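Engineer: Below is one structure. I have some questions about it.
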Amino acid sequence: MATAVSTKLAPISLTPRALAEVRNILVEKAVPGEYGLRVGVQGGGCSGMSYLLGFDKPKDQDETFDLDGVLLIMDKKHAMYVLGMEVDFQDGLNARGFVFNNPQAKSTCGCGSSFSS
């Protein structure tokens, strides 16, 4: 008897550059295998909300997704704030780091890590 497999579509995407950088960090920092990349939001920042990006273990209130072999962890309540967001990674002379392109943000600040919805 065949079993149905449920595949959840992640509410955000990571560009190939961002995925490569996450994989580099996982190896360089020897992040334990049960950890994944947590993406979310928190109150604060110069525009009202700021993005969370870090490694963590899944919790009861989380949803998990597989993004090309990278475990993505997100609190279910955060999805409405980041739906459709793309995370990129820049490695240039003027800027180095993750960049959040969020269609849900009504306004963003100059640093790019804070927004209002």
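Each residue of the sequence shown is one higher than the last, beginning at 181 in our numbering.
The C-beta atom is built at its ideal place from N, Cα and C for all residues, glycine as well.
Note that the coordinates shown come from a computational prediction; the quantities given were computed from them, not determined experimentally.
(1) Can you look up V202 in the DSSP assignment and give me helix, strand or coil?
(2) Return helix, strand or coil for V221, following the three-state DSSP convention.
(3) What are the boundary residues of the alpha helix (DSSP H) that includes V262?
(4) Is it right to say A184 is buried, meaning 16 or more other beta carbons lie within 10 angstroms of its own, or is it exposed?
(5) Going by Cα to Cα distance, which pick from R276, K257, S230, G224 is closest to D240?
(6) Pick helix, strand or coil for R197, following the three-state DSSP scheme.
(7) Is it true that the CB of D248 sits closer than 9 Å to the CB of L206?
(8) Which word fits L251, buried or exposed, when buried means at least 16 other C-beta atoms lie within 10 angstroms of its C-beta?
(9) What does DSSP give as the partner residue(s) for V267 in the beta ladder?
(10) Please state if the CB of R218 and the CB of D236 are separated by a distance shorter than 9 Å.
Structural biologist: Reading from the atomic positions:
(1) Taking the first residue of the sequence shown as 1, we reach residue 202 at position 22. Three-state result, V202: helix.
(2) Here residue 221 is taken as the residue at index 41 of the sequence shown, counted from 1. Collapsing the DSSP output to three states places V221 in a strand.
(3) Within the sequence shown, numbered from 1, the residue matching residue 262 stands at position 82. Here the alpha helix (DSSP H) through V262 covers 259-262.
(4) As a working note, residue 184 is residue 4 in the sequence shown. Note that A184 scores 46 on pLDDT, short of 50, meaning its location in the model is unreliable; the coordinates nonetheless yield the value given after this. With fewer than 16 other Cβ atoms inside 10 Å of its own Cβ, A184 counts as exposed.
(5) Within the sequence shown, numbered from 1, the residue matching residue 240 stands at position 60. Cα-wise, what sits closest to D240 is K257.
(6) As a working mapping, residue 197 is identified with position 17 in the sequence shown. Here R197 sits in helix by DSSP.
(7) Here residue 206 is taken as the residue at index 26 of the sequence shown, counted from 1. Here residue 248 is taken as the residue at index 68 of the sequence shown, counted from 1. Not a contact, by the Cβ cut-off of 9 Å.
(8) Along the sequence shown, read from residue 1 onward, the residue named residue 251 stands at position 71. With 16 or more other Cβ atoms within 10 Å, it is buried.
(9) Residue numbering aside, residue 267 sits at position 87 when the sequence shown is read from its first letter. Paired residue(s): L194, F280.
(10) The sequence position of residue 236 within the sequence shown is 56, counting from 1. The sequence position of residue 218 within the sequence shown is 38, counting from 1. Yes. Within cutoff.
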